[in-house]
Amino acid sequence: MNESLLVLTSPQDDTGAHWSRTRPPALSDPHSGPAPDVIAADDDTVPEAPLSEVPLPEAPPLQAPPSEDARRRWVAGQVGAEDLPGNPPGFTGTEIVTLAELRDAGVEITPGMDVEAQLGGGVRGSGLAPRDQVRLLLARPGPWPDPLDAVAATVSRRLWRSALTDFESTAPDPDAARAAWVARAAWDTALGLLLPGERDSVLADWRYAGEAFRDAVRRLAVLLAAEGTDPGRSRASPPCCGRGSDCRPPEQAARVTGDR
(Lines of atoms letter the chains of each structure in order from A and count residues from 1; the text may use other names and numbers.)
(Lines give C-alpha, C1' and ligand atoms only; values in the text may rest on other atoms or scores of the structure.)
Protein backbone atom coordinates (compact mmCIF):
# COMPACT_ATOMS: atom_id res chain seq x y z
CA MET A 1 0.00 0.00 0.00
CA ASN A 2 1.43 3.38 -1.00
CA GLU A 3 -0.67 6.12 0.55
CA SER A 4 0.55 9.60 1.37
CA LEU A 5 -1.68 9.86 4.43
CA LEU A 6 -3.26 7.27 6.68
CA VAL A 7 -5.94 8.43 9.09
CA LEU A 8 -6.24 6.04 12.02
CA THR A 9 -9.41 5.43 13.94
CA SER A 10 -9.43 4.83 17.64
CA PRO A 11 -8.95 1.17 18.59
CA GLN A 12 -11.81 1.47 21.05
CA ASP A 13 -14.16 2.19 18.13
CA ASP A 14 -13.21 -0.77 15.97
CA THR A 15 -12.34 -4.46 16.11
CA GLY A 16 -8.82 -5.67 16.60
CA ALA A 17 -8.79 -7.34 13.19
CA HIS A 18 -9.66 -4.10 11.38
CA TRP A 19 -7.14 -2.17 13.45
CA SER A 20 -4.38 -4.59 12.51
CA ARG A 21 -5.21 -4.12 8.82
CA THR A 22 -5.24 -0.34 8.86
CA ARG A 23 -2.31 0.59 11.06
CA PRO A 24 1.24 0.68 9.69
CA PRO A 25 3.62 -2.20 10.36
CA ALA A 26 4.90 -2.34 13.91
CA LEU A 27 8.31 -0.82 14.49
CA SER A 28 11.09 -2.93 15.91
CA ASP A 29 11.37 -0.52 18.85
CA PRO A 30 7.94 1.06 19.12
CA HIS A 31 7.50 4.30 21.01
CA SER A 32 5.62 4.12 24.24
CA GLY A 33 2.47 6.13 24.70
CA PRO A 34 -0.73 6.47 22.66
CA ALA A 35 -0.73 6.10 18.90
CA PRO A 36 -0.74 9.31 16.88
CA ASP A 37 -4.00 10.40 15.29
CA VAL A 38 -2.41 11.15 11.90
CA ILE A 39 0.75 9.83 10.25
CA ALA A 40 2.03 11.66 7.19
CA ALA A 41 4.30 9.77 4.79
CA ASP A 42 6.43 12.85 4.12
CA ASP A 43 6.83 13.73 7.80
CA ASP A 44 9.08 11.66 10.02
CA THR A 45 8.09 13.60 13.13
CA VAL A 46 5.69 11.72 15.37
CA PRO A 47 3.96 13.81 18.00
CA GLU A 48 4.50 12.60 21.50
CA ALA A 49 0.86 13.23 22.39
CA PRO A 50 -2.44 13.33 20.47
CA LEU A 51 -3.19 16.65 18.84
CA SER A 52 -6.26 16.99 21.01
CA GLU A 53 -4.00 17.13 24.06
CA VAL A 54 -1.60 19.75 22.68
CA PRO A 55 -2.23 22.99 24.60
CA LEU A 56 -3.32 25.93 22.48
CA PRO A 57 -1.49 29.24 22.82
CA GLU A 58 -3.11 31.55 25.30
CA ALA A 59 -5.21 34.36 23.85
CA PRO A 60 -4.00 37.84 24.69
CA PRO A 61 -5.81 39.28 27.70
CA LEU A 62 -8.70 41.59 26.96
CA GLN A 63 -7.94 45.22 27.62
CA ALA A 64 -10.41 47.19 29.66
CA PRO A 65 -11.81 50.29 27.95
CA PRO A 66 -10.09 53.50 29.00
CA SER A 67 -11.55 55.25 32.01
CA GLU A 68 -13.21 58.63 31.84
CA ASP A 69 -10.16 60.19 33.49
CA ALA A 70 -7.83 58.59 30.95
CA ARG A 71 -9.93 59.87 28.04
CA ARG A 72 -9.96 63.37 29.51
CA ARG A 73 -6.19 63.30 29.85
CA TRP A 74 -5.90 62.09 26.26
CA VAL A 75 -7.96 64.92 24.77
CA ALA A 76 -6.18 67.43 26.99
CA GLY A 77 -2.87 66.28 25.58
CA GLN A 78 -4.15 66.79 22.01
CA VAL A 79 -4.88 70.51 22.48
CA GLY A 80 -2.73 72.75 20.30
CA ALA A 81 -2.40 76.49 20.09
CA GLU A 82 -4.49 76.44 16.89
CA ASP A 83 -7.43 74.97 18.83
CA LEU A 84 -7.78 77.91 21.20
CA PRO A 85 -10.32 80.71 20.73
CA GLY A 86 -9.36 84.35 20.92
CA ASN A 87 -10.18 84.46 24.63
CA PRO A 88 -9.42 80.95 25.92
CA PRO A 89 -10.70 79.72 29.29
CA GLY A 90 -8.12 79.68 32.05
CA PHE A 91 -7.38 79.99 35.74
CA THR A 92 -8.30 82.98 37.84
CA GLY A 93 -6.81 84.11 41.11
CA THR A 94 -3.87 82.38 42.74
CA GLU A 95 -4.83 78.72 42.42
CA ILE A 96 -1.84 76.38 42.72
CA VAL A 97 -1.35 73.43 40.37
CA THR A 98 0.79 70.45 41.35
CA LEU A 99 3.46 68.89 39.16
CA ALA A 100 1.41 65.68 39.08
CA GLU A 101 -1.52 67.60 37.56
CA LEU A 102 0.80 69.12 34.99
CA ARG A 103 2.10 65.69 33.96
CA ASP A 104 -1.40 64.21 33.74
CA ALA A 105 -2.46 67.02 31.41
CA GLY A 106 0.54 66.54 29.15
CA VAL A 107 2.14 69.84 30.12
CA GLU A 108 5.91 69.97 29.75
CA ILE A 109 7.54 70.84 33.06
CA THR A 110 10.36 73.35 32.72
CA PRO A 111 13.20 73.76 35.22
CA GLY A 112 11.59 77.01 36.36
CA MET A 113 8.31 75.23 37.14
CA ASP A 114 10.22 72.58 39.06
CA VAL A 115 11.93 75.18 41.21
CA GLU A 116 8.66 77.07 41.79
CA ALA A 117 6.92 73.86 42.83
CA GLN A 118 9.70 72.99 45.28
CA LEU A 119 9.48 76.42 46.88
CA GLY A 120 5.72 76.90 46.93
CA GLY A 121 4.25 73.40 46.69
CA GLY A 122 3.10 73.89 43.13
CA VAL A 123 2.84 76.26 40.19
CA ARG A 124 0.45 79.21 39.94
CA GLY A 125 -2.11 78.19 37.32
CA SER A 126 -2.81 81.65 35.96
CA GLY A 127 0.88 82.12 35.23
CA LEU A 128 0.98 79.23 32.74
CA ALA A 129 0.66 79.55 28.98
CA PRO A 130 -2.97 79.66 27.72
CA ARG A 131 -2.70 76.24 26.08
CA ASP A 132 -1.35 74.67 29.29
CA GLN A 133 -4.17 76.21 31.31
CA VAL A 134 -6.76 74.75 28.95
CA ARG A 135 -5.09 71.35 29.10
CA LEU A 136 -5.17 71.38 32.89
CA LEU A 137 -8.84 72.34 33.01
CA LEU A 138 -9.80 69.65 30.47
CA ALA A 139 -7.97 66.95 32.42
CA ARG A 140 -9.86 67.69 35.63
CA PRO A 141 -12.95 65.65 36.60
CA GLY A 142 -16.42 67.08 36.51
CA PRO A 143 -18.55 68.69 33.81
CA TRP A 144 -16.91 71.18 31.47
CA PRO A 145 -18.27 74.67 30.92
CA ASP A 146 -19.22 75.59 27.37
CA PRO A 147 -15.86 77.20 26.47
CA LEU A 148 -14.00 73.97 27.30
CA ASP A 149 -16.57 71.91 25.41
CA ALA A 150 -15.93 74.14 22.40
CA VAL A 151 -12.17 73.58 22.61
CA ALA A 152 -12.61 69.79 22.80
CA ALA A 153 -14.91 69.90 19.76
CA THR A 154 -12.33 71.94 17.84
CA VAL A 155 -9.64 69.38 18.69
CA SER A 156 -11.89 66.56 17.48
CA ARG A 157 -12.66 68.25 14.17
CA ARG A 158 -8.98 68.98 13.58
CA LEU A 159 -7.99 65.35 14.18
CA TRP A 160 -10.64 64.09 11.75
CA ARG A 161 -9.70 66.74 9.19
CA SER A 162 -6.06 65.70 9.40
CA ALA A 163 -7.00 62.03 9.05
CA LEU A 164 -9.02 62.79 5.90
CA THR A 165 -6.16 64.82 4.41
CA ASP A 166 -3.75 61.93 4.99
CA PHE A 167 -6.21 59.53 3.38
CA GLU A 168 -6.75 61.75 0.34
CA SER A 169 -2.98 62.02 -0.18
CA THR A 170 -2.78 58.23 -0.68
CA ALA A 171 -5.34 58.12 -3.53
CA PRO A 172 -3.73 56.30 -6.50
CA ASP A 173 -5.89 57.90 -9.23
CA PRO A 174 -3.68 60.15 -11.43
CA ASP A 175 -6.67 62.44 -12.02
CA ALA A 176 -6.38 64.67 -8.95
CA ALA A 177 -9.95 65.97 -9.11
CA ARG A 178 -11.50 62.53 -9.46
CA ALA A 179 -9.17 61.05 -6.83
CA ALA A 180 -10.24 63.70 -4.34
CA TRP A 181 -13.92 63.08 -5.05
CA VAL A 182 -13.57 59.29 -4.72
CA ALA A 183 -11.58 59.60 -1.51
CA ARG A 184 -14.05 62.04 0.05
CA ALA A 185 -17.05 59.91 -0.95
CA ALA A 186 -15.43 56.75 0.48
CA TRP A 187 -14.46 58.55 3.68
CA ASP A 188 -17.89 60.05 4.26
CA THR A 189 -19.58 56.73 3.58
CA ALA A 190 -17.29 54.96 6.04
CA LEU A 191 -18.10 57.58 8.66
CA GLY A 192 -21.81 57.00 8.17
CA LEU A 193 -21.44 53.23 8.41
CA LEU A 194 -19.22 53.08 11.49
CA LEU A 195 -20.03 56.04 13.70
CA PRO A 196 -23.41 56.92 15.26
CA GLY A 197 -25.34 60.09 14.73
CA GLU A 198 -25.21 62.93 12.26
CA ARG A 199 -21.87 63.54 10.57
CA ASP A 200 -21.11 67.04 11.84
CA SER A 201 -22.07 66.11 15.39
CA VAL A 202 -19.95 62.98 15.53
CA LEU A 203 -16.92 64.77 14.10
CA ALA A 204 -17.20 67.30 16.92
CA ASP A 205 -17.58 64.60 19.60
CA TRP A 206 -14.10 64.12 21.08
CA ARG A 207 -15.09 60.69 22.44
CA TYR A 208 -14.97 59.34 18.86
CA ALA A 209 -11.79 61.14 17.81
CA GLY A 210 -9.35 58.54 19.16
CA GLU A 211 -6.89 56.69 16.96
CA ALA A 212 -8.91 53.45 17.01
CA PHE A 213 -11.99 55.15 15.52
CA ARG A 214 -10.00 57.08 12.92
CA ASP A 215 -8.10 53.96 11.89
CA ALA A 216 -11.32 51.94 11.53
CA VAL A 217 -12.83 54.62 9.26
CA ARG A 218 -9.62 54.80 7.23
CA ARG A 219 -9.48 51.03 6.66
CA LEU A 220 -13.12 50.86 5.59
CA ALA A 221 -12.66 53.89 3.33
CA VAL A 222 -9.77 52.13 1.59
CA LEU A 223 -12.10 49.25 0.73
CA LEU A 224 -14.89 51.55 -0.38
CA ALA A 225 -12.56 53.59 -2.57
CA ALA A 226 -11.45 50.39 -4.30
CA GLU A 227 -14.91 48.83 -4.68
CA GLY A 228 -17.05 51.94 -5.13
CA THR A 229 -19.59 53.74 -2.99
CA ASP A 230 -22.71 53.33 -5.12
CA PRO A 231 -25.57 54.39 -2.81
CA GLY A 232 -27.65 51.54 -4.24
CA ARG A 233 -25.17 49.00 -2.94
CA SER A 234 -24.16 50.65 0.34
CA ARG A 235 -26.13 51.08 3.52
CA ALA A 236 -25.13 54.73 3.56
CA SER A 237 -24.46 57.17 0.78
CA PRO A 238 -21.91 59.98 0.83
CA PRO A 239 -23.21 62.69 3.17
CA CYS A 240 -22.94 65.29 0.39
CA CYS A 241 -25.97 63.63 -1.21
CA GLY A 242 -29.27 65.06 -0.13
CA ARG A 243 -27.80 68.41 0.89
CA GLY A 244 -28.38 70.23 -2.35
CA SER A 245 -24.86 69.43 -3.53
CA ASP A 246 -23.82 67.64 -6.70
CA CYS A 247 -22.63 64.13 -5.76
CA ARG A 248 -21.45 63.17 -9.22
CA PRO A 249 -17.76 62.78 -9.98
CA PRO A 250 -16.22 66.14 -10.92
CA GLU A 251 -15.82 65.30 -14.61
CA GLN A 252 -19.53 64.42 -14.88
CA ALA A 253 -20.63 67.52 -13.02
CA ALA A 254 -18.43 69.69 -15.24
CA ARG A 255 -19.83 68.05 -18.35
CA VAL A 256 -23.43 68.70 -17.28
CA THR A 257 -22.62 72.27 -16.29
CA GLY A 258 -20.98 72.90 -19.65
CA ASP A 259 -24.02 71.60 -21.53
CA ARG A 260 -26.33 74.18 -19.96
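In my numbering, the protein residues as written are 749 to 1008. Ideal Cβ positions, reconstructed from N, Cα and C, are used throughout, including at glycine.
Beta-carbon to beta-carbon, residue 942 and residue 964 are separated by about 6 Å, close enough to satisfy the 8 Å threshold. Contact between residue 969 and residue 927 does not hold, since their C-beta atoms are separated by about 13 Å, which reaches or exceeds 8 Å.
Rounded to the nearest whole angstrom, the CA to CA distance from residue 878 to residue 974 is 44 Å. Taking a 10 Å sphere around the C-beta of residue 960, we find fewer than 16 other C-beta atoms and assign the residue as exposed. Considering only 862, 842, 840, 841, the residue with the shortest C-alpha distance to residue 850 is 862. Put simply, the region 831–846 touches the region 863–877. At least three CB pairs are less than 8 Å apart. Excluding its 5 nearest sequence neighbours in each direction, residue 885 has C-beta neighbours in its own chain below 7 Å: 837, 896, listed in chain order.
Sixteen is the threshold: when 16 or more other Cβ atoms of the shown chains lie within 10 Å of the Cβ of residue 881, as they do, the residue is buried. The DSSP-derived three-state label of residue 827 is coil. In this structure, DSSP gives residue 855 a state outside helix and strand, which the three-state scheme calls coil. Within the DSSP bridge table, the entry for residue 871 names 845 as partners. About 4 Å separates the Cβ atoms of residue 901 and residue 952, confirming a contact at the 8 Å cut-off. Between residue 954 and residue 903, the C-beta gap is smaller than 9 Å, which places the two residues in contact. Going by DSSP, residue 904 is part of the alpha helix (DSSP H) stretching over 894–917.
Approximately 4 Å separates the beta-carbon atoms of residue 853 and residue 883; this is inside 8 Å, confirming the contact.
Across the set 817, 824, 966, 848, the C-alpha of 817 shows the shortest separation from the C-alpha of residue 889. Taken through DSSP and simplified to helix, strand or coil, residue 860 comes out as helix.
When the beta-carbon positions are compared, residue 947 and residue 958 stay at least 9 Å from each other. Ranked by Cα distance from residue 917, the first of 815, 907, 931, 905 is 931. Residue burial is scored here from C-beta neighbours: residue 967 has fewer than 16 other C-beta atoms within 10 angstroms and is therefore classed as exposed.
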